[in-house]
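Written below as structure tokens is the structure these notes are about.
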Amino acid sequence: MKRFAVILLVAVAMIQLFMAKPGDAISCGQVESQISQCVTYLSQGGTPSQPCCSGVRSLSQSLQTTQDRQAACNCLKTAASRYSNLKPDAASQLPSKCGVSIGVPISATVDCSKIS
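Residues -20 to -1, 1 to 96 (mature numbering (1 follows the signal peptide of the UniProt record, and there is no 0)) are what the sequence shown spells out, left to right.
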């Protein structure tokens, strides 16, 4: 059942990706799809998995404009507030542990309008 849910989430994200118009900011579906493999790391800490880091690297490459970074920030902020067991230290260290900078904090308290 869990595998089906992950496949369904990826399929929905891919559909949203192909339906996006040029100039549209990244969607929450795209952001969530790219970090979906990081849920265990974000709630337990430790070392992020290779699939998690692949998603973080993909997210990093997707965030080319201020509009994309602010949209992703709002998506990550909403997602972070939904997970009460999210470890703030794990969230803040995720990009660096994956060897990238995404320019967007993973936090429920960030002011996304200040992201440039």
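Cβ atoms here follow ideal geometry from the backbone N, Cα and C, with glycine treated the same way.
Range covered by the alpha helix (DSSP H) that runs through residue i
| i | result |
| --- | --- |
| residue 21 | 19 to 24 |
| residue 48 | 46 to 62 |
| residue 40 | 30 to 42 |
| residue 94 | It is not in any alpha helix (DSSP H) - residue 94 carries neither H nor E in the DSSP assignment. |
| residue 11 | 8 to 15 |
| residue 75 | 68 to 77 |
C-beta atoms of residue i and residue j nearer than 7 Å
| i | j | result |
| --- | --- | --- |
| residue 52 | residue 84 | yes |
| residue 67 | residue 88 | no |
| residue 32 | residue 17 | yes |
| residue 78 | residue 8 | no |
| residue 96 | residue 46 | yes |
| residue 29 | residue 65 | no |
Whole-number beta carbon distance between residue j and residue i, since they are thought to touch under 8 Å
| i | j | result |
| --- | --- | --- |
| residue 80 | residue 37 | 5 Å |
| residue 71 | residue 82 | Not confirmed; about 11 Å, so no contact. |
| residue 42 | residue 10 | 7 Å |
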